[in-house]
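Q: Using the working numbering, the final residue of the sequence shown is 198, and nothing's skipped along the way. Can you keep this structure in mind? I'll have questions shortly.
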Amino acid sequence: MAHAKRGVLLRAYRHMLRREDLEDCYSQATLELLAYARRGGTFADAAHLGNTLELRYLSRIRDLRRALGGRSPIQAALASALPLGGPEEREVAVADARADPETLVLLRNELRQLQRSARQLSADQRLVLAHQLAETGAGEFCRRFGWSPDKYRKVAQRGRARLKTLASIDDPRVPFWG
């Protein structure tokens with residue numbers, strides 16, 4: 021029965037999925053019915069078996085369409101993926117569209133400059149700015165280190181201003197060809 025209905029069902033639902041996906045769904049439905057029969061399940065007649073096979077097949081199709089529609093991000097990604105090449109396929113050049121090497125280099129350079137500049141801050145200023153980066157909150161910081169809120173605010177304000185000044189100074193190791 022599975023062999024007889026295969027072609028008919030694949031053609032009947034060809035508008036719903038790619039051929040490979042329809043084949044997978046049909047295989048899953050067939051295996052489900054075989055497992056049901058091995059556990060002792062029976063069907064009234066050949067028409068009942070055919071209808072059950074079609075219902076299971078359609079259920080698998082709906083499940084896969086739902087997965088491709090967003091419930092399963094990995095299935096959606098696989099459905100829109102291109103092959104990277106192989107013996108029969110042509111090679112595909114893979115490029116990360118989000119990568120902007122120039123911007124990344126500039127940001128990394130700026131981060132290194134901030135790191136060098138931060139070493140010139142006082143220990144208290146580095147401590148306060150590190151806690152601000154960690155977003156721990158002024159109240160918790162003041163309780164932990166025994167500072168007043170005013171001292172915290174002033175040290176943080178002075179540390180940010182000094183870091184801004186230090187980071188804006190051009191690196192003397194980089195020559196300017198202007």
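Idealized CB from N, CA, C, for every residue including glycine. From a predicted model like this one, the values you see are computed outputs, not experimental measurements.
State buried or exposed for R59, treating a residue as buried only when at least 16 other CB atoms are found within 10 Å of its CB.
A: So R59 counts as exposed.
Q: Taking its Cβ as the centre, do 16 or more other Cβ atoms sit within 10 Å of L127, making it buried, or is it exposed?
A: L127 is exposed by the Cβ-count criterion.
Q: Excluding the 5 residues preceding and the 5 following R76 in the sequence, name in chain order all residues of the same chain whose CB lies nearer than 7 Å to its CB.
A: Closer than 7 Å at Cβ, skipping near neighbours: A49, E52, L53.
Q: Given a threshold of 16 other Cβ atoms within 10 Å of its Cβ, counted over all protein chains shown, does F165 qualify as buried or as exposed?
A: Flag for F165 reads exposed.
Q: Which word fits G159, buried or exposed, when buried means at least 16 other C-beta atoms lie within 10 angstroms of its C-beta?
A: Under this definition G159 is an exposed residue.
Q: Does the region 178–187 come close enough to the region 141–154 to have 3 or more Cβ pairs within less than 8 Å?
A: Touching, yes.
Q: Within the same chain, show all residues whose beta-carbon is closer than 6 Å to that of F63, passing over the 5 residues directly before and after it, in chain order.
A: Excluding sequence neighbours, F63 sits near L69.
Q: Which whole-angstrom value is the C-beta distance of A176 and L134, which I expect to be below 8 Å?
A: Actually they do not touch by this definition, with Cβ atoms about 16 Å apart.
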